[in-house]
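Trainee:
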Amino acid sequence: MADTGLPMKAEHSFERHWRLFLVEGVVLALLGIVAIVLPPLASLFVAIFFGWLLFIGGAFGLVTTLIGRHAPGFWWSLLSSLVAIVAGVLLFGWPGGGVLSLTVVLTAFLFADGVLTILLSLEYRRALHGRWAWLLLNGIIDLLLAAVIFLGLPGSAAWAIGIIVGVDMLFGGASLIAMSLAARAAAR
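In this note's numbering, each residue carries its 1-based index in the sequence shown increased by 143.
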């Protein structure tokens, strides 16, 4: 086996578990296709899901704060929990109103994820001998998607979350499929 520059354990682990990465890639690609076909529905689903995450996190924070009410920062923690609960209720109760703000957050995420995925691809280039370009492409696409959304605001909010999440999931899934198939070939 050629020297890849990565620790032997990491390379063998990827080759050993290529099927898991393949399944993850297929699931991501299929979810991406659904989101692209139904972007308004996907956008609302993301807003509702994020609302529930905030609500549940805020509720747990509230319980923890009340149990530990003698800890320093009680009032700040209480206020933080209540803000999360209210924001969650607003998002899952009226998801249309939260789509614009989530679109801005998604744009920032895609930009950051694009940069980090490009950096990750540069790390993998030694181990995957040319096949790392799939990750590089995924990072570049994330950056392009972030630019398209940002330049189209506020009108892009109606479709952006569903389409962008769908495209990101589709390309993320495709890159995982390609990498897992390359790992399968290397494992033989």
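Just so it is clear, CB atoms sit at the ideal spot from N, CA and C, and this is done for glycine as well.
All of these numbers come straight from a predicted model, not from anything done at the bench.
Indicate the three-state DSSP secondary structure (helix, strand or coil) for P182 in the structure shown.
Mentor: Helix, per DSSP.
Trainee: Using a Cβ-Cβ cut-off of 7 Å (strictly less than) and excluding sequence neighbours within five positions of M144, which residues of its own chain qualify?
Mentor: For M144, the predicted model reports a pLDDT of 45, less than 50, meaning its position is unreliable; a value from the coordinates is still stated below. Within the same chain, M144 has no close Cβ partners at all.
Trainee: On a Cα-Cα basis, can you pick out the residue from A329, G204, L181 that is closest to L271?
Mentor: Among A329, G204, L181, the Cα nearest to that of L271 belongs to A329.
Trainee: Can you determine whether any heavy atom of the ligand ATP sits closer than 7 Å to the C-beta of V170, and answer yes or no?
Mentor: The ligand ATP is not part of the structure shown, which contains no ligands of any sort.
Trainee: On the three-state DSSP scale, how would you describe A214?
Mentor: Note: A214 maps to coil in three-state DSSP.
Trainee: Taking contact to mean at least 3 C-beta pairs separated by less than 8 Å, is the stretch 231 to 243 in contact with the stretch 271 to 282?
Mentor: With a cut-off of 8 Å, the stretch 271 to 282 and the stretch 231 to 243 do not count as touching, because too few Cβ pairs lie within range.
Trainee: Buried or exposed, going by whether 16 or more other CB atoms sit within 10 Å of the CB of R159?
Mentor: R159 should be labelled exposed.
Trainee: Can you give me the C-alpha to C-alpha distance between A290 and M322, rounded to a whole angstrom?
Mentor: In a straight line, the C-alpha of A290 is about 27 Å away from that of M322.
Trainee: What does the Cβ neighbour count give for G175, buried or exposed, with the cut at 16 atoms within 10 Å?
Mentor: When all chains shown are included, G175 counts as buried.
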